[in-house]
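So the mapping is simple: the numbering used here equals the position in the sequence shown, first residue as 1, plus 6.
Yeah, the Cβ is synthetic: ideal placement off N, Cα and C, and Gly gets one too.
What follows is a short report on a single structure.
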Amino acid sequence: MHDILEGALQYETKELLIHENFLLLLTIVEYVFGPVTSEDVVPYLKDLIREHENFCQLYPNASIIPKIHYIIHLPEWLLK
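Shown next, in the form of structure tokens:
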């Protein structure tokens, strides 16, 4: 027998993951466009971007536009 809340909990979990993914993107943007970025931030930024890559799992039918793809190159660009 299935729990009556099973579907609701799965939906709630996915919504939470989507929200967390969006917050990651905001944090990435904040670091990239912030007034001061040091080399010390680059490894942390790479980790944030790796975490954000679950975007593809959250939105399997979405096509990845170049703007989203370029995000993986931002840490190296900041060092230049």
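Check whether residue i and residue j have beta carbons under 8 Å apart
i	j	result
Val38	Leu85	no
8 Å contact criterion, which residue i and residue j should meet: CB distance rounded
i	j	result
Leu80	His58	With a Cβ gap of about 11 Å, Leu80 and His58 do not count as contacting.
Leu64	Ile24	6 Å
Asn27	Asn67	16 Å between Cβ atoms; not a contact.
Where the alpha helix (DSSP H) containing residue i begins and where it ends
i	result
Val47	Val47 to His58
Pro81	Leu80 to Leu85
Residue from the options with nearest C-alpha to residue i
i	options	result
Leu29	Glu82, Ile55 and Tyr76	Ile55
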